[in-house]
Each structure stands twice: as structure tokens, then as C-alpha cells.
Amino acid sequence: MTKVILVLSDGLRYDVAKDNMGFLGHLVENKLASLYKIVGELPSMSRPMYETIHTGVPSSEHSIVANSIIRLSKMPNIFQSVARAGKVTAAAAYSWYSELYNRAPYNPIDDKEVDNNALNIQHGRFYTQDEYPDIELFNIATSLVRKFSPDYLLLHPMGMDYHGETYGSDSKEYRNHAVYQDSKLAPLIMEWKELGYTIFVTGDHGINKDGAHGGTTPEQRTVPFFVINPNGQGGGDTGETSSHLQIAPTILKLLDVPIPETMKQKPLSFD
Ligand SMILES: [Zn+2]
100 MTKVILVLSD GLRYDVAKDN MGFLGHLVEN KLASLYKIVG ELPSMSRPMY ETIHTGVPSS
160 EHSIVANSII RLSKMPNIFQ SVARAGKVTA AAAYSWYSEL YNRAPYNPID DKEVDNNALN
220 IQHGRFYTQD EYPDIELFNI ATSLVRKFSP DYLLLHPMGM DYHGETYGSD SKEYRNHAVY
280 QDSKLAPLIM EWKELGYTIF VTGDHGINKD GAHGGTTPEQ RTVPFFVINP NGQGGGDTGE
340 TSSHLQIAPT ILKLLDVPIP ETMKQKPLSF D
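Residue numbering for the sequence shown follows the numbering used here, beginning at 100 and increasing consecutively.
Written out as C-alpha cells, the structure reads:
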């Protein structure tokens with residue numbers, strides 16, 4: 100059994116991650132990690148994909164089909180399943196995560212920082228501004244790991260999405276931010292691995308040169324799925340395609356938590 104950290108980099112596109120994230124590339128090249136390609140679920144919008152990734156069901160089933168739908172999740176999900184199994188959950192994430200799994204609508208003062216075992220996200224640190232600096236969030240997430248040793252931690256930075264929407268995907272700002280995230284995550288990934296965490300790095304959707312997402316093109320929907328095992332064994336660049344729908348059952352299986360019947364996709368196996 101392991102603990103899991105999901106780095107869900109908002110708006111991280113597959114090709115840009117592969118070309119610009121050199122530390123992750125180093126792990127893949129030396130078979131210390133595995134890389135899959137995810138053809139993302141639709142619509143390639145944030146809130147629908149947050150829910151898809153955490154429930155393992157498509158948007159037509161969970162009904163969070165637009166960013167404008169502000170309510171708690173009605174489906175079994177990772178946070179709820181892990182908390183009910185008596186394990187510890189944590190997140191450093193955008194406030195929409197608080198709305199999906201803790202309380203809706205979001206109260207920017209009362210909900211910003213929570214430590215409450217009765218919540219699905221027991222240790223939550225949330226932000227509301229898209230330009231919130233990733234490095235601050237990375238440090239908060241690492242502080243949560245050191246303080247609470249969560250069994251499941253979500254780290255959800257907005258920097259790729261912010262730079263992609265502001266400058267378009269064909270820009271030095273978007274590409275350079277992938278370099279930045281990789282270099283800031285590198286020492287943290289080494290620390291978390293040492294603590295026995297399995298680490299996933301992925302995106303909710305991509306982005307196109309117009310700075311848009313929501314549609315069906317590869318630019319808007321294709322994201323990476325990096326897998327870093329604590330034992331340091333990896334399959335390199337697998338050339339295989341995976342699905343957003345496999346992330347939730349894969350995480351629950353790793354945590355030895357029962358997989359709800361609603362999560363129908365097979366968990367990924369890294370043996
Ligand atoms: Zn997003």
C-alpha cells in the first residue's frame with residue numbers, strides 16, 4: 100500500500116509537458132517513471148473535468164457539465180471514499196474543489212483553510228484568483244504533507260491555464276511556465292517519493308493557440324499522465340493511451356480503498 104499525491108496542473112497540455120518538463124522527462128528517460136497520454140474527457144472545461152477525474156464517470160453522468168454549475172458532487176468520489184475508509188485527505192486547490200466536495204457555495208473566508216475530519220477534504224487550503232502564484236501553492240501542499248501525512252493529497256496549480264488563456268498556447272509564456280512548474284516540482288517530488296508517495300502529474304484539459312479550451316481538438320483535450328512510483332521503477336514512455344476515467348479507481352486501488360460501483364473503468368496497473 101502507498102499514499103498518493105495527484106498533481107493536477109490546470110491546462111497542462113501533453114506535447115508542451117513532454118517538450119518542456121525536463122525533470123519529469125529525465126525520470127521517464129531513465130525508466131524511473133512512466134508516461135501515458137490521456138485523451139481527455141469532454142467537455143474540456145475545468146469544473147466538469149475536476150468532477151470527472153475525481154468520480155471516474157463522464158460529465159453526462161455526473162451532470163457537472165459546465166463551469167457555471169455550483170453545487171456539491173452527488174457521485175461517489177475519491178475524497179469521500181478515502182475519508183470514509185478512515186484515511187486522511189488533503190488538498191491545495193482552486194475553490195471550485197471546495198464547492199464540489201466540502202461546501203457550496205464557497206465562502207472565501209470560512210472555507211479558505213479547513214482542518215476538519217468530518218469534511219471530505221479534511222485538510223483544505225483553497226484559492227480563488229487564477230493568477231495565484233504556483234510556488235505558494237506548492238509550498239502549502241508540501242506543508243500539508245509534512246504536517247498531516249495525508250493518504251491522498253490533491254495539488255492543483257492554475258499557472259498553466261492562466262498563462263495559456265492570457266497568451267495562447269503558442270507563446271513563450273505558456274511554454275516557459277511548464278519549465279517553471281517542472282523545476283519547482285522536482286525537489287518536492289524527490290521529497291514525496293522518499294516519504295513513500297506514488298505521484299501522478301496530469302492535466303484537466305489542454306489549451307489552443309487562441310487561449311481557449313472546451314472543444315474536441317487534440318490541443319484542447321490531450322494531457323500527460325506521469326506516474327512516479329516510490330520504489331523508483333517505471334516503464335518510461337509507454338506510448339499507451341489512458342483515460343481520465345481511470346484516475347479515480349487507480350488511486351483508490353493504490354490506497355486499498357473499496358472502488359465504488361459507479362467507477363467502471365479498470366484501474367491502471369504499474370507492476
Ligand atoms: Zn482547467
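Ideal placement from N, C-alpha and C gives every residue a C-beta, glycine not left out.
Item                                                                                                                                                           : Value
Measure the C-alpha to C-alpha separation of Gly258 and Thr227 and round it to an integer number of angstroms.                                                 : 13 Å
Skipping 5 residues on each side, what residues in its chain have a beta carbon closer than 6 Å to that of Phe325?                                             : Leu123, Ala132, Leu134, Val300
At a cut-off of 7 Å, is Gly110 close to ligand 1 when judged by its beta-carbon and the heavy atoms of the ligand?                                             : yes
Hey, which unbroken runs of the beta strand (DSSP E) at 3 residues or more fall wholly within the segment 170 to 197?                                          : 188 to 193
In whole angstroms, what is the alpha-carbon distance linking Asn307 and Glu318?                                                                               : 5 Å
What residues are listed by DSSP as bridge partners for Gly95?                                                                                                 : Examination of residue 95 is not possible in this model, given that the chain is present from 100 through 370 alone.
First and last residue of the alpha helix (DSSP H) that includes Ile288?                                                                                       : 271 to 293
Would DSSP call Glu318 helix, strand or coil?                                                                                                                  : helix
When the Cα atoms are used, what is the spatial distance from Asp229 to Gly331?                                                                                : 34 Å
Pull the bridge partners of Ile79 from the DSSP assignment, please.                                                                                            : Past the edges of the chain, shown from 100 to 370, lies residue 79, and the structure says nothing about it.
Roughly how far, in whole angstroms, is the beta-carbon of Gln345 from the beta-carbon of Pro366, given that I think they are within contact range, below 8 Å? : 7 Å
Compute the distance between the beta-carbons of Gly121 and Asp281, then report whether it is under 8 Å.                                                       : yes
Return helix, strand or coil for Gly305, following the three-state DSSP convention.                                                                            : coil
If the criterion is Cβ atoms closer than 8 Å, does the pair Gly338 and Lys102 meet it?                                                                         : no
Report the option in Gly110, Leu353, Ser172, Thr321 whose CA atom is closest to the CA atom of Pro204.                                                         : Ser172
Within 7 Å: the Cβ of His255 and any heavy atom of ligand 1?                                                                                                   : no
So, using beta-carbon positions, are Asp303 and Ile152 closer together than 8 Å?                                                                               : yes
Is DSSP giving Leu131 helix, strand or coil here?                                                                                                              : coil
Is the distance from the Cβ of Thr321 to the Cβ of Lys136 below 8 Å?                                                                                           : yes
Looking at the structure shown, is Asp114 part of a helix, part of a strand, or coil, going by DSSP?                                                           : helix
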